[in-house]
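In what follows, a single structure is set out as structure tokens and then discussed.
Number of protein chains: 2
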Amino acid sequence: MTATGSGHANGRADVAVVGGGPIGMGIAWRCAQRGLRTVLHDPAPGSGASSVAAGMLAPVAESHFGEAELTRLLVDSAARWPAFAAELTAVTGQDIGYRTDGTLVVTLTGDDQREAHRLWAYQQSLDLPITLLRATALREREPALAPRARGGALMPDDHQVDPRRLVAALDTALDRAGVTVVPQPVTDVSTLDAQVVVVAAGCGSATLTGLPIRPVKGQILRLRAPAGAVGFRHVIRGYADGRHVYLVPRGDGEVVVGATVEERGDTTVTAGAVLELLRAAADLLPEIAEYELVEARAAARPGTPDNAPLLGWHRMPGDGRRVLVATGHHRHGIVLTPVTADLIADLAAGADPDPVLAPFQPGRFTAATRENAREKEPWS
Amino acid sequence: MTATGSGHANGRADVAVVGGGPIGMGIAWRCAQRGLRTVLHDPAPGSGASSVAAGMLAPVAESHFGEAELTRLLVDSAARWPAFAAELTAVTGQDIGYRTDGTLVVTLTGDDQREAHRLWAYQQSLDLPITLLRATALREREPALAPRARGGALMPDDHQVDPRRLVAALDTALDRAGVTVVPQPVTDVSTLDAQVVVVAAGCGSATLTGLPIRPVKGQILRLRAPAGAVGFRHVIRGYADGRHVYLVPRGDGEVVVGATVEERGDTTVTAGAVLELLRAAADLLPEIAEYELVEARAAARPGTPDNAPLLGWHRMPGDGRRVLVATGHHRHGIVLTPVTADLIADLAAGADPDPVLAPFQPGRFTAATRENAREKEPWS
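As structure tokens, then:
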């Protein structure tokens, strides 16, 4: 990346992006491509939640009841991924581990099957691409699956990317695009000298903006197959005796196993979480017992009251200055990187908001928050 | 005295010890205390199997059918531990984590109980200190035990020490005693210029001596209790649905969970081993699910054909030179450190072998090995 101060030393930046995860880096890249002089602030780009993330691009599997608007955004962004990946690879010459082998959802027990079927029926009602499979068809596709596998579904459009490679490529792309990276933390956005400030600081966005973002802890494991040969090629998402787990196979022999979803902000790896993840994963794919356990990590996803991201203009509580916000991506930061980068860069360049952003306005909780506070008053 | 004399005149060492684990360091310490000029050779003292070991001093729990002579040695060495620990702490001022809270053996299922009872009856027949406990008495001693705990036994003389602290203290003691440490690997003991060479190189002793020592892989975990407060004080050894596991609580909040016993020499940590250790440990002590998983490691224990150590003089196959051997301690290296250090140092100083060493002569497998080779000839 360009050294601090070079190039822009005597001029105010057009855009200052706070936060160097894939979201912030993607936005900075798109801004620079639109001719905006862009500065990105992060003491350690790529070291946050994305360094722990599995990188599933799963608009279908991640579609849940009552989140139709989020599903539309996931589908929109997933559709942008092939071109985004191709462009990033072409610009940088770096492999980002983008794979389109599809996702298999697998159930083990009758209860698992019933739980999954409810969601599959909902996903089918939205016309999402999903094919239900019997156990035999499942094992034909992935012979390594446990004999216990009872049923499942193929989601051919649910893909994957390697977030660590993604961040490395975005780092190169920012350099090529002339983005300045300032490796300092930002504690007050009013100190930033730029026409437009974009806050894309994950959980750190809460104190920067006052918006209701909370940490949602996720614990995740990285395994490595003997001789680098993973015995399955689909992303496997399992319902295993009531536990949810996923296994993401990489081309280099790595398998990511995740993830817990915990309402706490620490990043401690606990024995219980590792036990539950390994138990569910080995119940689905027994061969992983022989895999090396390479890493166990935890990170904090930025969650919001409705689990959907905060995307758009926001007026700061103190000085009333307007900033752009792109955070609260929760479990969806990687899949939502292309659409977030494109549409936030459009806003930074002066465009009117794309209608797709309407449900994700950062201020949407403000009234509700006040009402909650009033309701609680008699009891406080 | 064979180990002194003209050696002093030309600056030659009296004793060269190859291997800087607790065994080699203990021997070197005792040799120096006997006035022998001692050199210890190890590129990285304390970095072998002992850095992974749990440090149980368990002459009773580790007494198995058909190993009566080994049991006598374990009991002998365990009896030396209080004085050994006191002396080492007094000399160095360092805490080695020596704890005498005793060991509780716990069973979960009827099958576990029957398996354990067979061994307890054998251990009682040897007059070893062991008290059988009902489930209620067990939980009175350790309320954190799972409600499933069915029965158990108290072994009050089975203690523990922290092997990493032990090695650190021995390092200081060697320094105080004037032992020279040469941080270079030794590949050929004939190159060592010393009156007496002691091979205490763990699994590395096989190629140095030609003796039948094989690696026995052990995988082990280190957990940490929240706020450093471990909810139990005994060493817990469990029979958990047919799986054997132990949990060793330290004063600093660490809990060591181990260990696999695998006939292989690699040091890869596998998902399956971590899963089985955590499952059994959490079945015994549910609270460990909330503990931090700090470390997962594997190391190779030095095993022998009869799982007993090799202790005494050995004639080298090449030049016929006699060397002292102290290796093959398998799962018992830490508990056997004091007796090994005392008796091997006696031999290095010219004493006749203590009768307790008779069953552990390094050459005891030679005839059998030749016979095996002859028997195989017709088929080769």
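These protein sequence lines are chains X and Y, in that order. Under our numbering, the residue at position 201 of the first sequence is numbered 201, and the numbers go up by one with no gaps. Under our numbering, the residue at position 351 of the second sequence is numbered 351, and the numbers go up by one with no gaps. By construction, the Cβ of each residue, glycine as well, lies at the ideal position given by its N, Cα and C atoms. Remember, it's a predicted structure, so these values are computed and weren't measured experimentally.
Per DSSP, the bridge partner or partners of residue i
{"i": "proline 215 of chain X", "result": "X:Pro302"}
{"i": "histidine 159 of chain X", "result": "X:Leu57"}
{"i": "tyrosine 239 of chain Y", "result": "Y:Thr107, Y:His244"}
{"i": "proline 249 of chain X", "result": "X:Val255"}
{"i": "leucine 357 of chain X", "result": "The partner list for leucine 357 of chain X (beta bridge, DSSP) is empty, contrary to what the question assumes."}
{"i": "alanine 296 of chain Y", "result": "Y:Leu221"}
{"i": "glycine 151 of chain Y", "result": "Y:Thr107, Y:Arg134"}
{"i": "valine 199 of chain Y", "result": "Y:Val18, Y:Val325"}
{"i": "arginine 99 of chain Y", "result": "Y:Gln160"}
{"i": "glutamate 426 of chain X", "result": "With chain X covering only 1 through 380, there is no way to say anything about residue 426 of chain X."}
Neighbour-count burial assignment, residue i, 16 or more Cβ in a 10 Å radius
{"i": "glycine 11 of chain X", "result": "exposed"}
{"i": "leucine 70 of chain Y", "result": "buried"}
{"i": "glutamate 140 of chain Y", "result": "exposed"}
{"i": "threonine 100 of chain Y", "result": "exposed"}
{"i": "glycine 151 of chain X", "result": "buried"}
{"i": "valine 15 of chain Y", "result": "buried"}
{"i": "glycine 5 of chain X", "result": "For glycine 5 of chain X, the pLDDT reaches just 42, beneath the cut-off of 50, and the residue's location in the model is therefore unreliable, although a value from the coordinates is still provided. Exposed is the call here."}
{"i": "arginine 30 of chain Y", "result": "buried"}
{"i": "proline 45 of chain X", "result": "buried"}
{"i": "glutamine 123 of chain X", "result": "buried"}
{"i": "threonine 304 of chain X", "result": "buried"}
{"i": "phenylalanine 65 of chain Y", "result": "exposed"}
{"i": "arginine 322 of chain X", "result": "exposed"}
{"i": "proline 378 of chain X", "result": "For proline 378 of chain X, the predicted structure reports a pLDDT of 40, less than 50, and the residue's modelled location is therefore unreliable. The matter cannot be settled from this model."}
{"i": "glutamate 292 of chain X", "result": "buried"}
{"i": "glycine 110 of chain Y", "result": "exposed"}
{"i": "arginine 250 of chain X", "result": "buried"}
First through last residue of the beta strand (DSSP E) which encompasses residue i
{"i": "glutamate 87 of chain X", "result": "Not the beta strand (DSSP E): glutamate 87 of chain X falls in the alpha helix (DSSP H), residues 68-92."}
{"i": "arginine 322 of chain Y", "result": "322-327"}
{"i": "alanine 13 of chain Y", "result": "13-18"}
{"i": "leucine 40 of chain X", "result": "38-41"}
{"i": "leucine 208 of chain Y", "result": "Per DSSP, leucine 208 of chain Y belongs to no beta strand (DSSP E); it is in the alpha helix (DSSP H), 205-209."}
{"i": "arginine 364 of chain Y", "result": "From DSSP, arginine 364 of chain Y is part of no beta strand (DSSP E); its letter is neither H nor E."}
{"i": "histidine 314 of chain Y", "result": "310-315"}
{"i": "threonine 180 of chain Y", "result": "180-182"}
Terminal residues of the alpha helix (DSSP H) in which residue i lies
{"i": "arginine 139 of chain Y", "result": "135-141"}
{"i": "valine 274 of chain Y", "result": "271-284"}
{"i": "valine 339 of chain X", "result": "337-348"}
{"i": "arginine 30 of chain X", "result": "22-33"}
{"i": "leucine 192 of chain Y", "result": "Per DSSP, leucine 192 of chain Y belongs to no alpha helix (DSSP H) and is neither H nor E."}
Proximal residues of chain Y, C-beta to C-beta of residue i below 8 Å
{"i": "glutamate 292 of chain X", "result": "Thr268, Val269, Thr270, Ala271"}
Under 7 Å by beta carbon: chain X residues contacting residue i
{"i": "leucine 278 of chain Y", "result": "Ala271, Val274, Leu275"}
{"i": "leucine 223 of chain Y", "result": "Ala271"}
Neighbour list for residue i in chain X, Cβ cutoff strictly below 8 Å
{"i": "alanine 146 of chain Y", "result": "Within 8 Å Cβ-Cβ: nothing; alanine 146 of chain Y doesn't reach chain X, min ~14 Å."}
Under 7 Å by beta carbon: chain Y residues contacting residue i
{"i": "isoleucine 288 of chain X", "result": "Ala271"}
{"i": "alanine 296 of chain X", "result": "Leu293"}
Proximal chain X residues relative to residue i, where beta-carbon distance stays under 9 Å
{"i": "alanine 282 of chain Y", "result": "Ala271, Gly272, Leu275"}
Should the region 273-281 of chain Y be regarded as contacting the region 240-254 of chain Y, the criterion being three or more beta carbon pairs within less than 8 Å?
-> In the pairwise beta carbon analysis, the region 273-281 of chain Y is classified as touching the region 240-254 of chain Y: at least three pairs are separated by under 8 Å.
Specify whether the region 28-38 of chain Y and the region 54-63 of chain Y touch according to this definition: at least 3 beta carbon pairs, one from each stretch, less than 8 Å apart.
-> no
Is the region 18-25 of chain Y close to the region 165-174 of chain Y, with three or more CB pairs under 8 Å?
-> yes
Examine the Cβ distances between the region 249-269 of chain Y and the region 218-238 of chain Y and report whether three or more of them are shorter than 8 Å.
-> yes
Is there contact between the region 180-188 of chain X and the region 38-49 of chain X, where contact requires at least three CB pairs shorter than 8 Å?
-> These segments touch.
Are the region 327-347 of chain Y and the region 307-319 of chain Y touching, with three or more C-beta to C-beta distances below 8 Å?
-> yes
Say whether the region 96-112 of chain X touches the region 189-199 of chain X, bearing in mind that this needs 3 or more beta-carbon pairs closer than 8 Å, one atom from each stretch.
-> Contact annotation: the region 96-112 of chain X does not touch the region 189-199 of chain X, with fewer than three C-beta pairs closer than 8 Å.
Hey, is the region 268-278 of chain Y in contact with the region 70-86 of chain Y, meaning 3+ C-beta pairs nearer than 8 Å?
-> no
Give a yes or no on contact between the region 77-84 of chain X and the region 338-346 of chain X, applying the rule of three or more CB pairs nearer than 8 Å.
-> yes
Tell me, please, whether the region 350-370 of chain X touches the region 292-303 of chain X by the rule of three or more beta-carbon pairs shorter than 8 Å.
-> no
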